[in-house]
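Visitor: Those letters in the sequence shown? Residues 168 to 1004, by the working numbering.
Yeah, the Cβ is synthetic: ideal placement off N, Cα and C, and Gly gets one too.
In this text, all values refer to a predicted model and were calculated from it rather than measured experimentally.
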Amino acid sequence: MAKQTAFDFNQTGPVKPIEFHEIFGQNYGQYGLYVVQDRALPDARDGLKPVQRRILYTLFEGRYLSSGPHRKSAEIVGKVLGDRHPHGDSSVYDAMSRMAQAFSLRYPLIDGQGNWGASDGSPAAAYRYTEARLTPLAEALLSEDLKKETVPLLTTYKEDPKVVEPLYLPGHIPPCVNSIDGIAVGISTTVPPHNLGESLRVCIAMLEAGVLEGHSFSTEQLMNYLPGPDFPEGGRVMLSGGGVREYLETGRGRFIIRASVVQEQLTPTKKALVITGLPPIGRDKVIASIIDSINDRKAGTEGLVAEPPLDETNEERTRIVLELKREANPAIVLESLYRHTLLQIAVSAQLYFLFAPKSHRQAPATIPKQVGMVELLSYWLHHQLEVLERRLTFELNQYRVRLSTVEALIIGATHAQQLVRIFQEAEGKAQAKLTLQHKYKLSEEQAEVIANMSLSQVTRPDAGRYQAERTELIGKIEHHEELLSSRLKCISLLQQELRETEKKFGDGRRTVIDEAKLANPDVVAEVAQAQVREPLTLALYLDGTLKATSPDQFGTKSKAHKSDEGLIGLCAVAPEAFVLAGSNKGRIFSLPVEKLTLTTRSGKSESLARHLKLEAGERVVQLLAVPGSAFGEGAAALYLVEITALGKVKKSPISEYRSVNGAGLSSLKLAEGDEIISVMLSNGQGEYLLTTDTGQTLRFGDDKLNPQGRIGLGQVAMALDKEARIVSAHHWSGGDEGRAFLVTLSAQNILKKTGLAEYPAKGRATGGVVTTGLVGGDSIAATWLARGEVTLLVVTESGSLTLPSSTLPTLPRARKGQQLEGLSGQGGTARIIQLVL
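1) Provide the residue(s) that pair with His-237 in DSSP beta bridges, ordered along the chain.
2) Sort out for me which residues DSSP pairs Gly-876 with in a bridge.
3) Is Gly-402 near Arg-425, with beta carbons less than 8 Å apart?
4) What are the boundary residues of the alpha helix (DSSP H) that Ala-227 is part of?
5) Classify Pro-628 as buried or exposed, calling it buried when 16 or more other Cβ atoms lie within 10 Å of its own Cβ.
6) Enumerate, from N- to C-terminal direction, the unbroken beta strand (DSSP E) stretches of 3 or more residues contained entirely within the segment 736–787.
7) Going by beta carbon distance, what residues of the same chain come within less than 8 Å of Thr-764, once the five residues before and after it are set aside?
8) Taking DSSP as the reference, what is the three-state secondary structure of Ser-849?
9) For Gly-862 versus Thr-933, is the C-beta distance shorter than 8 Å?
10) Within 10 angstroms of its Cβ, does His-897 collect 16 or more other Cβ (buried), or is it exposed?
11) Using a Cβ-Cβ distance cut-off of 8 Å, determine whether Arg-506 contacts chain B.
12) Cutting at 6 Å between CB atoms, please list the residues of its own chain near Ala-953, excluding the five before and the five after it.
13) Give a yes or no on whether the C-beta atoms belonging to Val-352 and Leu-518 are separated by under 8 Å.
14) Please tell me whether Leu-445 and Thr-485 are closer than 8 Å, where the distance is taken between their beta carbons.
15) Does Glu-988 come out as helix, strand or coil in the three-state DSSP assignment?
16) Write down the C-beta distance between Pro-394 and Tyr-324 rounded to the nearest angstrom, noting that I regard them as a contact closer than 8 Å.
17) Candidates Ile-578, Met-266, Ala-599, Thr-581: which alpha carbon is nearest Arg-588's?
18) What is the DSSP secondary structure of Gln-280, reduced to helix, strand or coil?
19) Grouping DSSP H, G and I as helix and E and B as strand, with all else coil, what is Val-331?
20) For the structure I just gave you, are there three or more beta carbon pairs, one from the segment 363–381 and one from the segment 670–685, closer than 8 Å?
21) Quick check on Glu-490: does DSSP put it in helix, strand or coil?
22) Could you tell me which residues DSSP pairs with Ala-884 in its beta bridges?
23) To the nearest angstrom, how far is the alpha carbon of Leu-872 from that of Ile-340?
24) Determine the extent of the alpha helix (DSSP H) in which Ile-578 is found, giving its start and end residues.
25) If we call anything under 8 Å between Cβ atoms a contact, is Gln-634 one with Ala-575?
26) What did DSSP end up calling Glu-809 once you bin it into helix, strand or coil?
27) Helix or strand or just coil, what does DSSP make of Lys-170?
28) Can you pull the DSSP bridge partners for Arg-676?
29) So is Ala-695 buried or exposed if we call it buried at 16+ other beta carbons inside 10 Å?
30) Under a three-way DSSP split, which group does Ile-448 fall into?
31) My guess is that Thr-811 and Leu-837 are in contact by the Cβ rule of under 8 Å, so how many angstroms apart are they, rounded?
32) Taking the alpha carbon of Tyr-414 as the point to measure from, which residue in Thr-969, Val-961, Ile-347, Ser-515 has its own alpha carbon closest?
33) To which residues of the same chain is Tyr-708 closer than 7 Å at the C-beta, ignoring the five residues directly before and after it?
34) What's the gap between the Cα of Ser-264 and the Cα of Leu-775?
35) Give me the Cα-Cα distance between Leu-737 and Ser-407, rounded to the nearest whole angstrom.
36) Which partner residues does Ile-423 have in the DSSP bridge list?
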């Protein structure tokens, strides 16, 4: 802040009158500009306001690091005020408290000890009681690169050249990961938080797309990596309405966020709605709004027990229990709570940041601008590249200076006797240095190095060490010169460093991105109705229909039936389980089982289109029974895995689908001509077996797949030959391999089984091994992974039959199987769907 000049009341001469409106307008304009630039808006290069940057730099300068002890907050506040921040102590401590609160910032920058407040609205204790230090993430934001002239260091209001502060911070943390709120004169900013891993991955994708070379990057491309905000306390962001896409594209938008709620059976006679994630408004306000809704007897809330919600929230989780009356419909109660309480709120986003002039990116950021996410991250990437180039330049200069010194030391160690004679014969140090410069062609600095050498520095080992260091320095100099001579190589290095930061600090998404329509009153009812009360067997058919039957209808002792024509799969559903349906277009649905009509194996099937909002050409390829406990707190790891015909795979936590309903959620973006052929559950362990129509089977470990969010691009599962397609996939969760077999059926009805042990584990994205001998243009139609002796139901275009797996020939992989008797159609097309239990 500029130093003020006192008014001289003793001055002489005429006094010039000035109109109040003129002086007030001028001064208010100056004040408004100061508030915008120096207090309220964040810098687009690091996402920080000046007070936040001053606090962090003071901690960094004082070495209050994550590896050291906590320090008194009063000491820190005093240092910030005394050296850098020309305002009151409350402004510093308030900003410091917010940076320490895990419920305020998605990624806290200060590691606080003591009472720093809570999400229930309780404030932080006074700064004389609390302690603080930097978090590892804050250290990455500050970075040791600060010492390498990567950012300008300015003097503070003290005007002391020894007391400086950075104009911005150099670290690899995008400016959008933490929420930002600021109100200036005529301008305000509200930036929702975003997931760090997603933000870095989209930055890497932008670099790969050539954004720094002027290539475009669309909002659609961005949303493949960064689908929306990620709040500290979770919740569910509703994509309907387009507000999320709007703010990502233009920098301004309004969207709805809901609490995450699950249904739990507390006791055999008591059930409850449990809130596991909250909108960003404060736990105390949410609970108060629920109590008010109950007291006001809002429609739908009569199903709640008339008691205050039980708040079981702690530092590790959010958990608020709303007990239901026995006769209550959970879906109706929840919809009422969304309508009448703060379990659902609207959030406005307005991405205003300060930018430096394009002609001088190292200058102070003085230009306020509303930007979309692509423009913001593009600017930040330009900044990161400049920081990288300045760091490389600094290191290169340091290496050159050191090389000059080392070369002088080498001369000193190699010609020690001659140098001693030169100094003995010289009339002074200055003359000796001139002689050295002339004889050995040295610079003045090198001559000074030799003049200051001691005898202990001229031993033979020293000479060898100097030579080794010289070789190393020359290599570093050549490497840095090569990098600085190529912008593309610098960009490649920046990508590598961003990947390292993502690997070190990236974490999973907390906020679910929900595509459900808000106007649908059954948005949660369909999820509640998907929970099974009695054991069922669901039969899925090729024509898009299904049957819900009792388990005995498709028991191991049952025989093939004429009605089995078109059968493609069975799903055994235990009580309290949920049923998910995966489609060929990469969408996941929740099937409302309670709406299904119980029938028999030979009874009439019903269309899935009655219960699921399927698109044209979309069909269900798999039904999955998910344990009811899978969505609860502390549940064991469970993943939903999708396999495509063209060799892609995606594994995502089952929790990503807790809000799915009959409208479906997109889960995998498919390439043209590709489709989902299998959807399965995995506990994150075991192995996968993928088989192509050309007779190749690949076995690889579950640990080769990295979990992704629901909206992910997937990974390559199997390298395919031209024209080959994956026709079946299975998950082996472990056990006795000696009792496990892969049963293969060809289009020409050639059947066999091969021991699982014959399939060696390979790496993901490889071609696998031969699974059977195919002749005469035959191809694999279906496979089944049999665990022990089971009864198989074989369904072809010409009929169906049952047979025990014990009757099948056990043959090596490369051997051809035997002709399946009892079914015609040998040599026909491969219209066999798959083997089913």
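Guide: Let me lay it out:
1) The residue given as residue 237 occupies position 70 in the sequence shown. Paired residue(s): none; His-237 is not in a bridge.
2) Taking the first residue of the sequence shown as 1, we reach residue 876 at position 709. In DSSP, Gly-876 forms no bridge with anything.
3) Here residue 402 refers to the residue found at position 235 of the sequence shown. Here residue 425 refers to the residue found at position 258 of the sequence shown. The Cβ atoms of Gly-402 and Arg-425 sit closer than 8 Å to each other.
4) Walking along the sequence shown from the start, residue 227 turns up at place 60. In the sequence under discussion, the amino acid at residue 227 is Phe, which differs from the Ala named in the question. Per DSSP, Phe-227 belongs to the alpha helix (DSSP H) from 217–228.
5) The count along the sequence shown starts at 1 and reaches residue 628 at position 461. Pro-628 counts as exposed, since fewer than 16 other C-beta atoms from the protein chains shown sit within 10 angstroms of its C-beta.
6) Fully enclosed beta strand (DSSP E) runs of no fewer than 3 residues occupy 745–750, 754–757 of the segment 736–787, in order along the chain.
7) The count along the sequence shown starts at 1 and reaches residue 764 at position 597. Cβ within range, chain order: Ala-715, Glu-773.
8) Numbered from 1 along the sequence shown, position 682 holds the residue referred to as residue 849. In the structure shown, Ser-849 falls within a strand segment according to DSSP collapsed to helix, strand and coil.
9) For the purposes of this step, residue 862 is taken as residue 695 along the sequence shown, with counting starting at 1. For the purposes of this step, residue 933 is taken as residue 766 along the sequence shown, with counting starting at 1. No.
10) Position 730 of the sequence shown holds residue 897. Per the 10 Å Cβ criterion, buried.
11) Here there is only one protein chain, and chain B is not present.
12) Stepping through the sequence shown from its first residue, residue 953 is reached at position 786. Correct list, in chain order: Phe-908, Val-910, Ser-972.
13) In the sequence shown, counting from the first residue as 1, residue 352 sits at position 185. In the sequence shown, counting from the first residue as 1, residue 518 sits at position 351. Against a cut-off of 8 Å, the Cβ pair of Leu-518 and Val-352 comes out as no contact.
14) The residue given as residue 445 occupies position 278 in the sequence shown. The residue given as residue 485 occupies position 318 in the sequence shown. With contacts defined by Cβ atoms closer than 8 Å, Leu-445 and Thr-485 form a contacting pair.
15) The sequence position of residue 988 within the sequence shown is 821, counting from 1. The DSSP-derived three-state label of Glu-988 is coil.
16) Taking the sequence shown and counting its residues from 1, one reaches residue 394 at position 227. Taking the sequence shown and counting its residues from 1, one reaches residue 324 at position 157. No, Pro-394 and Tyr-324 are not in contact; Cβ-Cβ is about 43 Å, not under 8 Å.
17) Translated into positions along the sequence shown, residue 588 becomes position 421. Its Cα nearest to that of Arg-588, the residue Ala-599 stands out among Ile-578, Met-266, Ala-599, Thr-581.
18) By one-based count along the sequence shown, residue 280 stands at place 113. Gln-280 falls in the strand class under three-state DSSP.
19) The count along the sequence shown starts at 1 and reaches residue 331 at position 164. Three-state DSSP puts Val-331 in a strand.
20) Counting Cβ pairs under 8 Å, three or more are found: they touch.
21) Numbered from 1 along the sequence shown, position 323 holds the residue referred to as residue 490. Residue state, collapsed to three classes: strand.
22) Numbered from its first residue, the sequence shown carries residue 884 at position 717. None; Ala-884 has no bridge partner.
23) Indexing the sequence shown from 1 puts residue 872 at position 705. Indexing the sequence shown from 1 puts residue 340 at position 173. Taking the straight line joining both Cα atoms gives about 26 Å.
24) Counting from 1 along the sequence shown, the entry for residue 578 is found at position 411. Here the alpha helix (DSSP H) through Ile-578 covers 540–581.
25) Indexing the sequence shown from 1 puts residue 634 at position 467. Indexing the sequence shown from 1 puts residue 575 at position 408. No. Outside cutoff.
26) As a working mapping, residue 809 is identified with position 642 in the sequence shown. The DSSP-derived three-state label of Glu-809 is strand.
27) Locating residue 170 in the sequence shown gives position 3, counting from the first residue. Summary for Lys-170: the model assigns pLDDT 45, below 50, so the residue's position carries little reliability; its value from the coordinates is reported in the next sentence. The answer is coil: DSSP assigns Lys-170 none of H, G, I, E or B.
28) Looking up residue 676 in the sequence shown gives position 509. The partner list for Arg-676 (beta bridge, DSSP) is empty, contrary to what the question assumes.
29) Here residue 695 refers to the residue found at position 528 of the sequence shown. For Ala-695, the pLDDT reaches just 43, beneath the cut-off of 50, and the residue's location in the model is therefore unreliable, although a value from the coordinates is still provided. Buried, by the Cβ-count rule.
30) Taking the first residue of the sequence shown as position 1, residue 448 is located at position 281. If DSSP states are grouped into helix, strand and coil, Ile-448 belongs with coil.
31) In the sequence shown, residue 811 corresponds to position 644, counting from 1. In the sequence shown, residue 837 corresponds to position 670, counting from 1. That belief holds up - the Cβ atoms of Thr-811 and Leu-837 are roughly 6 Å apart, short of 8 Å.
32) Taking the sequence shown and counting its residues from 1, one reaches residue 414 at position 247. For Tyr-414, the closest alpha carbon among the candidates Thr-969, Val-961, Ile-347, Ser-515 is that of Ser-515.
33) Indexing the sequence shown from 1 puts residue 708 at position 541. Counting only Cβ-Cβ distances below 7 Å, and skipping sequence neighbours, we find Gly-733, Leu-734, Ile-735, Ser-772.
34) Here residue 264 corresponds to residue number 97 of the sequence shown, with the count starting at 1. Here residue 775 corresponds to residue number 608 of the sequence shown, with the count starting at 1. Going from the Cα of Ser-264 to the Cα of Leu-775 covers about 53 Å.
35) Here residue 737 refers to the residue found at position 570 when the sequence shown is read from its first residue. Here residue 407 refers to the residue found at position 240 when the sequence shown is read from its first residue. If I take the Cα positions, the gap works out to 34 Å.
36) In the sequence shown, counting from the first residue as 1, residue 423 sits at position 256. In the DSSP assignment, Ile-423 forms a beta bridge with Met-405, Ala-513.
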